[in-house]
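Peer 1: Dropping a structure here in structure tokens format, bear with me for questions.
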Amino acid sequence: MNVLVTVSVTIIMMVDQRQGKGEYIQWRPEESKLLIELVASCFKEGWVDPNGKMFKKTVETKILSVLNEKFNSRKTYKNFINRMKILKNQYRDFVNLLHFDSKVQWNPITKKFTAPDEVWTAYLRLFYYTLLLTHPCFD
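Going by the UniProt record's numbering, the sequence shown opens with residue 1, and the numbers climb by one from there.
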């Protein structure tokens, strides 16, 4: 068992070195929630440029310093940018799903989307077709 763990760690380290990736830093749900609140407060306070973008210094002083202090973490600007991309994509997907059909609803108890089976079938068919159009396969 111990040898297996050592081999697994060694393989992971080799893959990380080969791909040039840094340490993976996971975002906990409470960190993401605070991140969203802090970004919203920056927009409310007007700490953005005319295009709605935040400067790196603003992110580091107003957002990351608070996050790192509260959760005793070491998030960087790169971690912030990556997390914001993920959150924007999730938001876009949720909005698209809600606009797809009026029968799609959010269930706050189960924290999942609910809809009749025929709505899911139609949505997945459209999603698959859209995926084929946007990501062509060149065999």
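Even for Gly, the Cβ is constructed at its ideal location relative to N, Cα and C.
Which parts of the stretch 67 to 118 are runs of the beta strand (DSSP E), unbroken and 3 residues or longer, counting only runs that do not cross its ends?
Peer 2: Entirely contained in the stretch 67 to 118, the beta strand (DSSP E) runs reaching 3 residues are, in chain order, 105 to 107 and 112 to 114.
Peer 1: For the alpha helix (DSSP H) holding isoleucine 36, just list the boundary residues, first then last.
Peer 2: In the sequence shown, the residue the question calls residue 36 occupies position 36. 29 to 45 is the extent of the alpha helix (DSSP H) around isoleucine 36.
Peer 1: When we look at the beta-carbon of leucine 126 and count the other beta-carbons within 10 Å, is it buried (16 or more) or exposed?
Peer 2: Against the sequence shown, residue 126 aligns to sequence position 126. Leucine 126 should be labelled exposed.
Peer 1: Going by DSSP in three states, phenylalanine 55 sits in which element: helix, strand or coil?
Peer 2: Position 55 of the sequence shown, counting from 1, holds the residue named residue 55. Looking at phenylalanine 55 - three-state DSSP - the assignment turns out to be coil, as it is neither helix nor strand.
Peer 1: Tell me whether tyrosine 128 sits in a helix, a strand or coil according to DSSP, three-state version.
Peer 2: Indexing the sequence shown from 1 puts residue 128 at position 128. Helix, per DSSP.
Peer 1: Spatial neighbours of threonine 114 within its chain, please: C-beta separation below 6 Å, excluding the five flanking residues on both sides.
Peer 2: The count along the sequence shown starts at 1 and reaches residue 114 at position 114. Once the five neighbours on either side are set aside, the close Cβ partners of threonine 114 are Gln105 and Asn107.
Peer 1: Can you look up isoleucine 25 in the DSSP assignment and give me helix, strand or coil?
Peer 2: Working through the sequence shown from its first residue, we reach residue 25 at position 25. Assigned with DSSP and collapsed to three states, isoleucine 25 falls in coil, not helix or strand.
Peer 1: For the putative contact between isoleucine 25 and lysine 75, defined by C-beta atoms under 8 Å, what is the C-beta separation to the nearest angstrom?
Peer 2: In the sequence shown, counting from the first residue as 1, residue 25 sits at position 25. In the sequence shown, counting from the first residue as 1, residue 75 sits at position 75. Confirmed, Cβ separation roughly 6 Å.
Peer 1: Taking the C-alpha atoms as reference points, what is the distance between tyrosine 77 and methionine 84?
Peer 2: Residue numbering aside, residue 77 sits at position 77 when the sequence shown is read from its first letter. Residue numbering aside, residue 84 sits at position 84 when the sequence shown is read from its first letter. Here the C-alpha atom of tyrosine 77 lies approximately 10 Å from the C-alpha atom of methionine 84.
Peer 1: If I measure Cβ to Cβ from tyrosine 123 and keep anything under 6 Å in the same chain, skipping five residues before and after, which residues do I get?
Peer 2: Along the sequence shown, one-based indexing puts residue 123 at 123. Answer for tyrosine 123: Phe100, listed in chain order.
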